[in-house]
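First comes the structure, then the notes that go with it.
There are 2 protein chains.
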Amino acid sequence: MAGRGILPTMEGTGDASHNSSSATVTGTGQKAAIIDGKAIADQIRKEITAEVSKMKESVGNVPGLAVILVGARKDSSTYVRNKKRACAEVGILSFDVTLPEDVSQEEVVARVKEFNDNPAVHGILVQLPLPKHISEEVVLGAVSYEKDVDGFHPINVGTLAMQGRKPLFVSCTPKGCIELLKRSGVQIKGKRAVVIGRSNIVGTPAAQLLQRENATVTVVHSQTPNPAEITREADILVAAAGKAELVRGDWLKPGAVVIDVGINAVEDLSIKKGYRLVGDVCFEEACHVASKITPVPGGVGPMTIAMLLSNTLDAAKRAYGVANA
Amino acid sequence: MAGRGILPTMEGTGDASHNSSSATVTGTGQKAAIIDGKAIADQIRKEITAEVSKMKESVGNVPGLAVILVGARKDSSTYVRNKKRACAEVGILSFDVTLPEDVSQEEVVARVKEFNDNPAVHGILVQLPLPKHISEEVVLGAVSYEKDVDGFHPINVGTLAMQGRKPLFVSCTPKGCIELLKRSGVQIKGKRAVVIGRSNIVGTPAAQLLQRENATVTVVHSQTPNPAEITREADILVAAAGKAELVRGDWLKPGAVVIDVGINAVEDLSIKKGYRLVGDVCFEEACHVASKITPVPGGVGPMTIAMLLSNTLDAAKRAYGVANA
């Protein structure tokens, strides 16, 4: 087994480690191609802008996204602001309600139901986390599964898991991962894929989507005794563990495609704000082993909002009976 | 890699093939322990009988299972008859409706809804397959998810896939597979499990259940180019491919536990009826490699009906507010 961090990039054969021109102990070997999530997300937003404009012409309406924010968490407020700005940029109307931290669960559910009944609203997003006295299960379950642009409703989760069924919505981050693979020309069918993490929001739906694309999928999680042994079998690795730089260079099969979902702040006193963002993958090591890799930031992150816009557009198309392009 | 069919049973090391006393080319080596599904199912039915009788004493009612059969398929009629007999044996009331092959979808849905509204009915089972003019999705979706003892409703499928949620019902065959493992003392947590097949009824829920028990799970399917390479990594193998004797001895890791869900009829002119039933695993080869294995018939088969009775009992307990033992 190769040591950490200074692995050569190999294309198919195991010979490269004996070839001093392609890789050296100083780690200056050939590097993985970067999957540019920002550029791909920009392209998708352009496509959505064009479709929204066509919809306005043909049916006289545009898609609408409602966002419910409870409390004043700084990170949540930032996310909501970013989502509203992204909507505005592509021509999607945004509706929003901000409720106080101590609002009752009934009141939140009542607001959800108002949006369920509002025909100008095609997608409803409840910003998580909710305060502890409010049940996420109850509130998310109250969102009409036909407006569930986050893909969190059990009916959409269930139909995603079922062969021969098609969920109305798929959770945005895993949908973004698949879109990155497809738009980077990565073949999924027949490949071995490993997903690290089994969360409802990323790991589990990512695994299901990869399987729907006919990959053979293994899910590695906190109770897996030998994760590196398993990730080394992966042609495609999706890392969604939420642990900074968990995946080292020697966790990867040479030539693997790496999608890094993690966004972790680690202390770095050498820069002004005192921290930097890193993924679940040690990028510096991985880029000498992988054939393609997403950076953090600028990889999966920008895709999440793009997929939210895409889900909202799809919902509006269904509501207005507009065929897919 | 060892050749087919004449593999020794090895406990951890690869040396046994050189040890002529533990295995020979005549295949007389040590054999896997048989997981006796019939005996385990009998034990479960005894437990259910006792609980039903306790329920009758405490709340004055027993569980009720409704079965809807459309058409006159011989196999379906046999299954329904067996289910009714199994209900009677444990004290569960059975309700049944047989509808003609050409019944309308509306009529089937109307019957489902009658059972939804009948408080004496705690579980509803629609015998599959339905005639082609009737949508399985519509009919199964009409069953109240609180009476969905087959675990086919998208809400139950969805909550099974979600961490932190508990489905009201889990599909009977995969539930039976897990029960066989547990009652045979097989540790699941931390093990590598491979499921062959990704059907909605067996493969997918079996994989989810194994993951819930903290196994690291890989799903192999028809688009997997190298299935044997992957199954050889499995400590626990669940074969649900529907292909007679697909899994050969050299597909298995020595000491693996094998759960064979397949029931396939293969021609055998040496016996009177002209065919015999075999699993998805070549039992004669596998029993020299595996540490434990289910036979076909007499393995998973008897567990399916036992789990249906168990699901019906659970539904009645919820309806009457009876705590779990």
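Quick mapping for you: the protein sequence lines, in order, are chains A and B.
Anchor point for the first sequence: position 253 equals 243 in my numbering, and the numbering is continuous, going up by one each time.
Anchor point for the second sequence: position 95 equals 85 in my numbering, and the numbering is continuous, going up by one each time.
For each residue, glycine too, the CB sits at the ideal point set by N, CA and C.
This one's a predicted model, so the numbers in the text were calculated from it and none came from an experiment.
Rounded straight-line distance, which links the Cα of residue j to that of residue i
i	j	result
Asn146/B	Met152/B	10 angstroms
Gly17/A	Glu274/B	Its pLDDT being 46, under 50, Gly17/A is placed unreliably in this model, and the value from its coordinates should be taken loosely. Those two C-alpha atoms are separated by around 52 angstroms.
Ala280/A	Arg222/A	11 angstroms
Val98/B	Leu89/B	8 angstroms
Ile25/B	Leu298/B	20 angstroms
Ser84/A	Lys282/B	58 angstroms
Pro109/A	Thr294/A	25 angstroms
Arg308/A	Ser174/B	50 angstroms
Gly288/A	Ile30/B	54 angstroms
Ser260/B	Ile191/A	55 angstroms
Gly61/B	Lys103/B	19 angstroms
Ser43/B	Asp32/B	17 angstroms
Lys137/A	Phe105/B	30 angstroms
Asn72/A	Ala296/A	11 angstroms
Asn216/B	Ala218/A	21 angstroms
Val87/A	Tyr69/A	14 angstroms
Nearest residue (CA-CA) to residue i, options the options
i	options	result
Ala313/A	Val49/A, Ala31/A, Lys28/A, Lys21/A	Val49/A
Gln325/B	Val290/B, Leu259/B, Glu275/B, Ala56/B	Nothing in the structure corresponds to residue 325/B, since chain B is present only between -9 and 315.
Thr214/B	Val102/A, Glu96/A, Arg202/A, Thr39/A	Arg202/A
Lys74/B	Val102/B, Ile114/B, Gly61/B	Ile114/B
Leu171/A	Pro109/A, Arg188/A, Ile249/A	Ile249/A
Ile226/B	Trp241/B, Leu236/B, Lys64/B	Trp241/B
Gly269/B	Ala231/B, Pro217/B, Lys262/B	Ala231/B
Ile82/B	Leu150/B, Lys179/B, Thr302/B, Asp32/B	Thr302/B
Ile34/B	Asn216/B, Leu267/B, Val80/B	Val80/B
Pro195/B	Cys167/B, Ala218/B, Arg63/B, Thr221/B	Cys167/B
Pro121/B	Gly131/B, Cys277/B, Asp92/B	Asp92/B
Ala23/A	Phe159/A, Leu298/A, Ala255/A, Ala276/A	Ala276/A
Gly291/A	Gly245/A, Arg308/A, Gly252/A	Gly252/A
Gly141/B	Ser125/B, Ala31/B, Lys165/B	Lys165/B
Ala132/B	Pro119/B, Gln95/B, Leu158/B, Pro157/B	Gln95/B
Tyr135/B	Ile30/B, Ile124/B, Leu158/B, Gly288/B	Leu158/B
Val256/A	Gly239/A, Ala234/A, Val271/A, Gly154/A	Ala234/A
Lys36/B	Glu47/B, Ala78/B, Lys64/B	Ala78/B
Arg238/A	Tyr265/A, Leu150/A, Lys262/A, Val271/A	Val271/A
Thr163/B	Gly154/B, Pro144/B, Ser189/B	Ser189/B
Gly187/A	Lys262/A, Val128/A, Leu236/A	Leu236/A
For residue i, three-class secondary structure by DSSP
i	result
Ser281/B	coil
Asp65/B	helix
Asp250/B	strand
Glu37/A	helix
Thr214/B	coil
Ala78/B	helix
Leu170/B	helix
Gly27/A	helix
Thr(-1)/A	In this prediction, Thr(-1)/A has a pLDDT of 30, which is less than 50 and means its spatial position is unreliable; nothing more can be read from the coordinates.
Gly113/B	strand
Asp384/A	Only positions -9 to 315 of chain A appear in this structure, which leaves residue 384/A out of reach.
Ser43/B	helix
Arg266/B	strand
Ser48/A	helix
Val316/A	Look at the range of chain A in this structure, -9 to 315, and you will see that residue 316/A is not part of it.
Ile186/A	strand
N- and C-terminal bounds of the beta strand (DSSP E) containing residue i
i	result
Gly54/A	54 to 60
Val147/A	Where Val147/A is concerned, there is no enclosing beta strand (DSSP E), although the alpha helix (DSSP H) it sits in stretches over 144 to 151.
Ser161/B	No beta strand (DSSP E) contains Ser161/B, which DSSP labels as neither H nor E.
Gly193/B	It is not in any beta strand (DSSP E) - Gly193/B instead sits in the alpha helix (DSSP H) that spans 193 to 202.
Cys205/A	Sequence check: residue 205/A is Ala here, not Cys. Looking at the DSSP string, Ala205/A is not in any beta strand (DSSP E), and its letter there is neither H nor E.
Own chain, CB closer than 7 angstroms to residue i, minus 5 neighbours either side, in chain order
i	result
Ser66/B	Leu59, Gln117
Ser300/A	Ile34, Ile38
Ile220/B	Val184, Thr208, Val210, Thr214
Ala224/A	Arg182, Ala183, Val184, Lys243, Ala246
Ala76/B	Ile295, Leu299
Tyr265/B	Ala255, Val256, Glu257, Asp258
Neighbourhood of residue i by C-beta distance below 6 angstroms, restricted to the same chain and skipping five residues each side
i	result
Pro53/B	Ile82, His112, Thr302, Leu303, Ala306
Ala205/B	Ile178, Lys181, Ala183
Ala197/A	Val185, Val207, Val209
Glu126/A	Leu120
Arg155/A	Thr149
Close-in-space but distant-in-sequence residues of the same chain around residue i (CB under 8 angstroms, 5 per side omitted)
i	result
Leu200/A	Ile168, Ile178, Ala183, Val185, Val207, Ile226, Val228
Endpoints, the alpha helix (DSSP H) within which residue i is located
i	result
Ile295/B	291 to 310
Gly131/B	126 to 132
Asp107/B	95 to 107
Ala276/B	273 to 276
Exercise. The stretch 172 to 206 of chain B: which residues have C-beta closer than 7 angstroms to a C-beta of chain D, in chain order?
Worked result: The structure shown contains no chain D; its protein chains are A and B.
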